[in-house]
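So the structure is just underneath, and the comments pick up after that.
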Amino acid sequence: MNKIKNKPIPIYKTHKHYIQEQNAPQASVETSATALQHFEIHPRQACNSKVNIHRIDFYMIFIVTRGEGIHTFGLKEHYIKENMLGFIGPNMFSSWESVGDEQEGYFCTFSEDFFNIGRENKHFLNELPFFQLDGDAVLHLTDEQMRYYLSLFELMHWEYSNKNAYSDDVLRSQLQLLLHKAYAQYRVEECRCDKPNLPSIRLLKAFTALYQKDLKVIHEGRTVALKKMSEYARELGVSQNHLNDTVKAVTGKSAGQLIKSQLIKQATVCLKASTKSVSEIAYLLGYDDPSYFARYYKSQTGQSPSDLR
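Oh and the sequence shown: position 125 is 125 in this note's numbering, straight run, nothing missing.
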């Protein structure tokens, strides 16, 4: 991942940083991704060849029909090429560098408010593995799957380009269909590969969603305040022992170890990308003693925090 030492990591509030200036559609501040009910979709042909490390405060989905490049999502680097569907969530560190000049496909950006209008489950986006720090931000598509998802993007692009009073409802339905379909595909492929115990997986994902929500406050400059394991268990409606046994059976780690490993990953992201000092990062992660944090980090990674600066 790129290191930025002299500049803070920018938070982009609009898609325009991804598009070559001469081809960028004109968008006023009012239509930026911070607005309620925000949705935009554009072809990838005009995308910039390089976008330095940054965060966004909206959601993005893109489909690649032509072209290649290296896209960083959180701690993972993906080699992007045709027949891929990619996802970027708010506050996720990201960067992009194309390989070659030709880039084709679509990308759409939207706000959580736009997606959730009329939905009973307002937490669906947070439950998806695609938009999580250590999640699966890329789906590899077969030719048949590619045709299906591309048709959805083409329908959304047509609707967006020919908007009327009812277009937002149509676009929202198409977007929700795309994400539900992608999630269903992910779960089917996950089951084929691992044949997991589904109730255990559901509990693990619900637990993950809870502590990930607590961890995400660091991107707002607030100190992480993780709950006690008994509190997480109470919220999930299970005993602490059952939660711990289930998490360990699926992941090989106890519930506490899983959270600590995620803290280390968050620390690594911050140490590599943030301009804050090691002590400031330690405090944000909930460590009162920066020297203890430094020792613990080295015991888990083999590197001291200062090695990453």
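Glycine residues also receive a C-beta, built at the ideal position from the N, C-alpha and C atoms.
In this text, all values refer to a predicted model and were calculated from it rather than measured experimentally.
Beta-carbon proximity check, residue i vs residue j, cutoff 8 Å
i	j	result
K320	E68	What the structure shows of the chain is the stretch from 1 to 309, and residue 320 is not part of that stretch, so it cannot be assessed.
I41	H140	no
L128	L179	yes
Y59	G89	yes
Q331	Q300	Any question about residue 331 goes unanswered here, given that the chain covers just 1 to 309.
T251	L258	yes
L204	V247	yes
F293	A255	no
G86	V138	yes
Q240	A249	no
M107	S94	Per the sequence shown, the amino acid found at residue 107 is Phe instead of Met. No; because the gap between Cβ atoms is not below 8 Å, this pair is not in contact.
F110	L175	yes
S261	V278	no
Closest by C-alpha distance to residue i, when choosing among the options
i	options	result
E154	S98, M92, L171	L171
K272	S304, D245, A137	S304
M92	I281, L215, G302	L215
I281	E231, D307, I218, D245	I218
D143	S98, V238, T65, S277	T65
S98	S274, K260, H71	H71
R119	K76, N83, D169	D169
R147	Y79, N83, P43, V238	N83
L125	Y79, H78, G302, I61	I61
Q145	Q185, P290, S291, D289	Q185
F130	K163, Y79, N162, R187	R187
Beta-carbon contacts of residue i that lie in its chain and below 6 Å, excluding the five residues immediately before and after
i	result
R295	none
K298	S304
V29	Low confidence applies here, because V29 scores a pLDDT of 30, under 50, leaving its location unreliable; read the following figure in that light. Nothing meets the Cβ criterion.
K195	The pLDDT assigned to K195 is 45, lower than 50, so where the model puts this residue is not dependable; a value taken from the coordinates is nonetheless given after this. Excluding residues within five positions, none has a Cβ falling inside 6 Å.
R309	none
P199	none
S167	E159
D289	none
Other residues of its chain near residue i: CB distance less than 8 Å, five sequence neighbours each side excluded
i	result
Y149	I63, L85, L141, L178, K181, A182
L284	I218, G221, R222, T223, V224, C270, K276
K122	N116
Close-in-space but distant-in-sequence residues of the same chain around residue i (CB under 7 Å, 5 per side omitted)
i	result
G286	T223, V224, A225, L226
L45	Here residue 45 is Gln; the residue named in the question, Leu, does not match the sequence. Same-chain partners within the cutoff: Q103, E104.
P43	Y106
I201	V250
S291	none
Interface flag, residue i vs chain D, CB-CB below 8 Å
i	result
S299	In summary, chain D is missing from the structure at hand, where a single protein chain is found.
* **Segment contact, 8 Å Cβ cut-off, at least three pairs: the region 219–236 with the region 254–267** => yes
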